[in-house]
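Presented below is the structure to which this report refers.
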Amino acid sequence: MSSADSQSLAVAEAAAPVPLARPRGARISARIGAVPWWFVLPALAFYVFVVLWPSIEGAGFAFTNWDGLSATKDFVGFAQFQRLLTDPAGVGAVVHTLLIALSITIVQNLVGLLLALGVHTKIKSRNVLRVALFTPAVITPVATGYLWKYLMTPDGAINQILGFFGLTALQHDWLGDANIALWSIVATVVWQFAGYSMVIFLAGLQGVPEDVLEASRLDGAGPFRRFWYVVRPELAPAITINLMLSIIGGLKLFDQVWVMTSGGPGTSTDTMSTLIYKNAFQFGDFSYGIAMALVLAVFVAILSSAQYKLLGRQGGSK
Amino acid sequence: MNRYTWRTFVLEAVMVLVGVVFFLPVYVLINLALKKPDDQSSPLAPVTSITLQNFSDAWGQANLGQALLTSAFVTVFSVAIIVAISALAAYPLARVTKRWSRWLFFVFMIGLLLPFQLALIPLYTTIRDLGLLGNPVSLVLYYAGLQVPFSVFLYTGFIRAVPLDYEEAASIDGAGPMRSFFSVIFPLVRPITGTVVILNVLHVWNDFLTPLLYLSGSSQQTVPVALFSFVSQYVSQWNLVFAGLVITIAPILIAYFAMQKTIIKGFASGLKG
Amino acid sequence: MHKKSLLALSVAVVAAVGLSACNGGGSSASGGGGGDGKTLTLAATTNEKPALDAVVAKFKEQNQGVDVKYTTSALDQYQTTTRTQLSSGTAPDVVFVWPGDGNPMATRVVAKGGFLEDLSSQSWANSFPAGIKPVTQYNGKTYSASVTFSGIGAVYNMTAMKAAGLTPPTTWSGLLQFCSQAKAKGKTAFELGAQTNWVTQLIPYSLTPTLVYGPNPSFPQDMADKKATFSDSKWSDALNKYLDMQKAGCFQANPLGTDYNASLTAVAKGEALSVIQVNSAVAAINQQAPQGTELNMLPVPATDNASETRMAGAAGSTYGVNAKAKNKDLAIKFVNFLESPEGMNLYAQTNKALPAVPNDSFKVDPALATLQQYQKDGKTDAFMDQNWPNARVQQTLFQVVQDLLAGKTDVSSALKQMDTAYSQGS
Numbered sequence: 004m005s006s007a008d009s010q011s012l013a014v015a016e017a018a019a020p021v022p023l024a025r026p027r028g029a030r031i032s033a034r035i036g037a038v039p040w041w042f043v044l045p046a047l048a049f050y051v052f053v054v055l056w057p058s059i060e061g062a063g064f065a066f067t068n069w070d071g072l073s074a075t076k077d078f079v080g081f082a083q084f085q086r087l088l089t090d091p092a093g094v095g096a097v098v099h100t101l102l103i104a105l106s107i108t109i110v111q112n113l114v115g116l117l118l119a120l121g122v123h124t125k126i127k128s129r130n131v132l133r134v135a136l137f138t139p140a141v142i143t144p145v146a147t148g149y150l151w152k153y154l155m156t157p158d159g160a161i162n163q164i165l166g167f168f169g170l171t172a173l174q175h176d177w178l179g180d181a182n183i184a185l186w187s188i189v190a191t192v193v194w195q196f197a198g199y200s201m202v203i204f205l206a207g208l209q210g211v212p213e214d215v216l217e218a219s220r221l222d223g224a225g226p227f228r229r230f231w232y233v234v235r236p237e238l239a240p241a242i243t244i245n246l247m248l249s250i251i252g253g254l255k256l257f258d259q260v261w262v263m264t265s266g267g268p269g270t271s272t273d274t275m276s277t278l279i280y281k282n283a284f285q286f287g288d289f290s291y292g293i294a295m296a297l298v299l300a301v302f303v304a305i306l307s308s309a310q311y312k313l314l315g316r317q318g319g320s321k
Numbered sequence: 214m215n216r217y218t219w220r221t222f223v224l225e226a227v228m229v230l231v232g233v234v235f236f237l238p239v240y241v242l243i244n245l246a247l248k249k250p251d252d253q254s255s256p257l258a259p260v261t262s263i264t265l266q267n268f269s270d271a272w273g274q275a276n277l278g279q280a281l282l283t284s285a286f287v288t289v290f291s292v293a294i295i296v297a298i299s300a301l302a303a304y305p306l307a308r309v310t311k312r313w314s315r316w317l318f319f320v321f322m323i324g325l326l327l328p329f330q331l332a333l334i335p336l337y338t339t340i341r342d343l344g345l346l347g348n349p350v351s352l353v354l355y356y357a358g359l360q361v362p363f364s365v366f367l368y369t370g371f372i373r374a375v376p377l378d379y380e381e382a383a384s385i386d387g388a389g390p391m392r393s394f395f396s397v398i399f400p401l402v403r404p405i406t407g408t409v410v411i412l413n414v415l416h417v418w419n420d421f422l423t424p425l426l427y428l429s430g431s432s433q434q435t436v437p438v439a440l441f442s443f444v445s446q447y448v449s450q451w452n453l454v455f456a457g458l459v460i461t462i463a464p465i466l467i468a469y470f471a472m473q474k475t476i477i478k479g480f481a482s483g484l485k486g
Numbered sequence: 023m024h025k026k027s028l029l030a031l032s033v034a035v036v037a038a039v040g041l042s043a044c045n046g047g048g049s050s051a052s053g054g055g056g057g058d059g060k061t062l063t064l065a066a067t068t069n070e071k072p073a074l075d076a077v078v079a080k081f082k083e084q085n086q087g088v089d090v091k092y093t094t095s096a097l098d099q100y101q102t103t104t105r106t107q108l109s110s111g112t113a114p115d116v117v118f119v120w121p122g123d124g125n126p127m128a129t130r131v132v133a134k135g136g137f138l139e140d141l142s143s144q145s146w147a148n149s150f151p152a153g154i155k156p157v158t159q160y161n162g163k164t165y166s167a168s169v170t171f172s173g174i175g176a177v178y179n180m181t182a183m184k185a186a187g188l189t190p191p192t193t194w195s196g197l198l199q200f201c202s203q204a205k206a207k208g209k210t211a212f213e214l215g216a217q218t219n220w221v222t223q224l225i226p227y228s229l230t231p232t233l234v235y236g237p238n239p240s241f242p243q244d245m246a247d248k249k250a251t252f253s254d255s256k257w258s259d260a261l262n263k264y265l266d267m268q269k270a271g272c273f274q275a276n277p278l279g280t281d282y283n284a285s286l287t288a289v290a291k292g293e294a295l296s297v298i299q300v301n302s303a304v305a306a307i308n309q310q311a312p313q314g315t316e317l318n319m320l321p322v323p324a325t326d327n328a329s330e331t332r333m334a335g336a337a338g339s340t341y342g343v344n345a346k347a348k349n350k351d352l353a354i355k356f357v358n359f360l361e362s363p364e365g366m367n368l369y370a371q372t373n374k375a376l377p378a379v380p381n382d383s384f385k386v387d388p389a390l391a392t393l394q395q396y397q398k399d400g401k402t403d404a405f406m407d408q409n410w411p412n413a414r415v416q417q418t419l420f421q422v423v424q425d426l427l428a429g430k431t432d433v434s435s436a437l438k439q440m441d442t443a444y445s446q447g448s
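Protein chains in written order, with our numbering: chain A, 4 to 321; chain B, 214 to 486; chain C, 23 to 448.
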């Protein structure tokens, strides 16, 4: 066992005896004295100034017809939201956004989990692999977009490799084919962030008690039963954090799409984020773009809190 | 699982293969950056005559030296502020169980959901009124606020799991809450601080639209902005573009390699919190 | 971290932030210059950089003690940042604008918001040829200064053409025949970089002057008056001919997976014989092509009567003066320099375009001689989007062309979508 492993395990054990239920408030202050409320002030000040107040102010634009440039704007009530309901591009973008978020969440976490299980073993290359697999997560998304756009050109590296192995039937116009382009983008994002998920899963795996695992193996439990009954409960916090991050990231995905296809061919890869950008800054339809952004916020809120509830709240607060 | 069996060997082979596949695009990136522009060989073929000309060209033409300095300034100071204020705020949020504490935590979490487009124009106007446009300080201010929800989320969870014993001991010794926080809590949450630092560094270093907007017109640009305008000008010269990419991701990769153990440990223990 | 070191760090942070805030204070107004009458600020798209390098150097040479700070950014970013800056009053003194309408940073869009200075009283305001003058105006007043004239045509690699024993077609049937001849020689006739969205419009733009706008010059006005639509015009012929070209094998295998740069590279290497592009592509291909490669930009025929053939040619690089410019006098002086024959010719020469106002002292690139001739003969029509009421129409055209090439829509529904976008007004 490497020193990194043993150290993190030590920390994990130190945290382990904590009871799951939070101590009652009265007991806390009796034991450690009152914690001053004003500790939150600096963070709250920055947060309100930069995020909360400007967002509330900005949300107001959704109820106007401002074009983003002129000096005049009128109050139009919910007209922009009504437009959204009848906009075929809007409906398509919502579908694409959900497809992207769902597939990224599933595939990225599945790949990340398998990678984590793979390198959380006795293999000699585990430390090298942990670095190699995390490297893509460090690269600017704009840059990975350019890199993969280059790899995915019709006579680019991917098709060359497929040709080399005689798999010409699998060669595609990865970004030019409207039926495939969306999945090519998903693949790029999964490549970039699977290592990110892996590292978080790895963290969870440090807490899996080796003796219980060994005991269940001696009892004749197969790898799947061992995973489900021994490993999975320990991974719950890691799963919650990973799912949160990938759902929010998938729903808001912009950089890679913009660099690789700008929403094309046609509208086949338009997402809510690209449509917000196009309307707000390219069509001179700023208020409509903001109305879309509000809808996106509601989407993210519903989906992320649903999964948070579904998996229990231990992930964030245990 | 304690011995290196033939099963382990098969797993090793599979994992190495997966690792190679994952690393292949990065290999293409570095390989092309080292090739001469007139080298017509396949992007997969290893470079035969290495040139560093692309790197010096990209460095000069995209003004990357200046950009790296600006990015470093913004990243270091905003992450330092984020860590300080988020850890401080998380302490009462984790320890006070009164209603206002739960509500305030919820208010912070709203920040995770809001798309950046909402605040874009109002915030830009405010930054303008403060006279901070074209000044990297505007970005430090921006990230310090923007990244608070995420960092508070991680810190609060972790502090909740720290046993009360240490603070209790400190309090018996007569330490006030300030001293408890600085001498007991902050050192205890060092592992999660590693996680908070690396996630925030990645975000701040890689952000694109905000620096474009706030620093537009000034001679100071961050790395992604300098790179993007460089790319749009030379996009057919992939060797040059990729050399630029390599330069800009190198500082982060070097820092990551150097801190690798701490980071993975940070993730690991941070998560156990 | 220890309490003391944390304190020290906080102090250092505050000090450094405060310090750099002071340092940055002087240049805090976006765009740099502080309105001292000596420092002009300017912003444009990346494509204009080489020409700006040249004219700014000349302008500074003629105006000692004056500094010009200019920034260039990619098109998307330019539109986003400049609109935000204009609406917040932080835009540079001189801004790059698009001629006419139909773009978020077009002259009429920006002038309508009151962000551009009225330049009607400048001496050059009335000197533009008929094809350019209207697109510099809004409500009868001049708000922008066009520096160049640019056109769209087929840029042929004549060296590769000679090697293949082929000549540029002058009729529509000749063009289709040319495509199959090129294919027989293993070459692509017209390389198409349709992954880059604005490239998709260039073929309709080069066909409609002959099919729509030449025969019916009042078409743009009729559309504005709601007396004509895309659907019931010859635009359908143009889009059908686009598809005919695809069917005839005029393009390479994967136009939607090929971007602008890749398409130029193919022509530079001689793998493709031609690309339908804006004149600036001539310079870009020259950079990549082997020394001595001969290029020629020619009209794209759309009918079988060669004498009917017209070209899309219109105001190119155009600048406006920010109505809230901090250095308004200097800004006007700079624009006047751009409009002088000296400034205009220098700009056009560097950008491989034609001057907006034709003059005899301009030495035309041989590859653009045909475009110049068409300009002189009045056989050009403005780029169509310059007369569209909003930016959505053009973006819709990009999208439907990609859909058409992918077989995801048909010509009549494509034109209906464009009509819908047009009817949304400004």
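Idealized CB from N, CA, C, for every residue including glycine.
Within the stretch 296-325 of chain B, the residues whose Cβ lies closer than 7 Å to any Cβ of chain A are, in chain order, Ile298, Ser299, Leu301, Ala302, Tyr304, Pro305, Leu306, Arg308, Val309, Thr310, Lys311, Leu317, Phe321, Gly324, Leu325. Secondary-structure assignment with DSSP links Lys152(A) through no beta bridge to anything.
The residues Lys249, in chain order, have a CB closer than 6 Å to that of Thr264(B) in the same chain once the five nearest residues on each side in sequence are set aside. Residues of the stretch 171-200 of chain A with a C-beta atom less than 8 Å from some C-beta of chain C are Asp176, Trp177, Leu178, Gly179, Asp180, Ala181, listed in chain order.
Here DSSP, grouped into helix, strand and coil, assigns Leu320(C) to strand. Taking the CA atoms as reference points, Phe318(B) sits about 27 Å from Leu105(A).
Here the alpha carbons of Thr102(C) and Leu359(B) stand approximately 21 Å from one another.
Our two residues, Leu299(A) and Pro57(A), have alpha carbons roughly 17 Å apart in a direct line.
The count of Cβ pairs closer than 8 Å, one atom from the stretch 275-291 of chain C and one from the stretch 247-264 of chain C, stays below three, leaving the stretches out of contact. Contact between Ala337(C) and Ser168(C) holds: CB atoms are separated by about 4 Å, below the 8 Å threshold.
Residue pairing for Glu213(C): DSSP places it in a beta bridge opposite Val297(C).
Within 10 angstroms of the beta-carbon of Pro437(B) lie 16 or more other beta-carbons, which makes it buried. Shown here, Met263(A) sits in a helix according to DSSP, grouped into three states. Taking the Cα positions, Val114(A) is about 19 Å away from Trp151(A). Apart from sequence neighbours up to five positions away, the residues of its chain that approach Ala73(C) with a beta-carbon distance below 6 Å are Tyr369, Thr372, Asn373, ordered along the chain. Neighbours of Gly232(B) in chain A, taken as residues whose beta carbon is under 8 Å from its own, are Ser128, Val131, Leu132, Ala135, Leu136 in chain order. Chain B places no beta carbon closer than 9 Å to that of Tyr291(A), leaving this residue out of the contacts.
For Leu247(B), none of the residues of chain A pass the 8 Å Cβ criterion, the least Cβ distance being about 15 Å. Per the DSSP secondary-structure output, Tyr92(C) pairs in a beta bridge with Leu64(C). Contacts with chain A at 9 Å (Cβ-Cβ) include Arg105(C).
Annotated three-state conformation of Phe405(C) is coil, per DSSP. Taking a cut-off of 8 Å for Cβ pairs, the stretch 415-433 of chain B and the stretch 366-386 of chain B do not touch, as fewer than three such pairs fall below it.
By alpha-carbon distance to Leu281(B), the top candidate from Thr406(B), Gln433(B), Val353(B), Thr218(B) is Gln433(B). Ranked by Cα distance from Ser262(B), the options Leu277(B), Gly273(B), Asn244(B) are led by Asn244(B). Taking a contact as a CB-CB distance under 8 Å, the pair Gly266(A) and Gly71(A) does not count as one, their CB atoms being some 19 Å apart. DSSP places Ile279(A) in the uninterrupted alpha helix (DSSP H) bounded by 275-280.
If only complete runs of 3 or more residues are kept, the stretch 133-203 of chain C shows the beta strand (DSSP E) at 170-179, in order along the chain.
For Ala334(C), the pairing in a beta bridge is given by DSSP as Ile174(C), Asp403(C). Straight across, the Cα-Cα distance linking Leu257(B) with Ser187(A) is about 20 Å. Annotation for Leu317(C): Val177, Tyr178, Asn179, Met180, Val304, Ile307, Asn308, Ala311, Ala389 place their beta carbon closer than 8 Å to its own, counting only its chain and skipping 5 residues before and after.
Within the stretch 70-93 of chain A, those residues whose Cβ lies closer than 7 Å to any Cβ of chain C are, in chain order, Gly71, Leu72, Ser73, Ala74. Excluding its 5 nearest sequence neighbours in each direction, Thr272(A) has C-beta neighbours in its own chain below 7 Å: His99, Ala184, Leu185, Ile188, Val260, Thr264, Gly266, listed in chain order.
Under the 9 Å criterion on CB atoms, Thr339(B) is classed as interfacial with respect to chain A. Taking 9 Å as the CB threshold, Ala104(A) stays off the interface with chain B.
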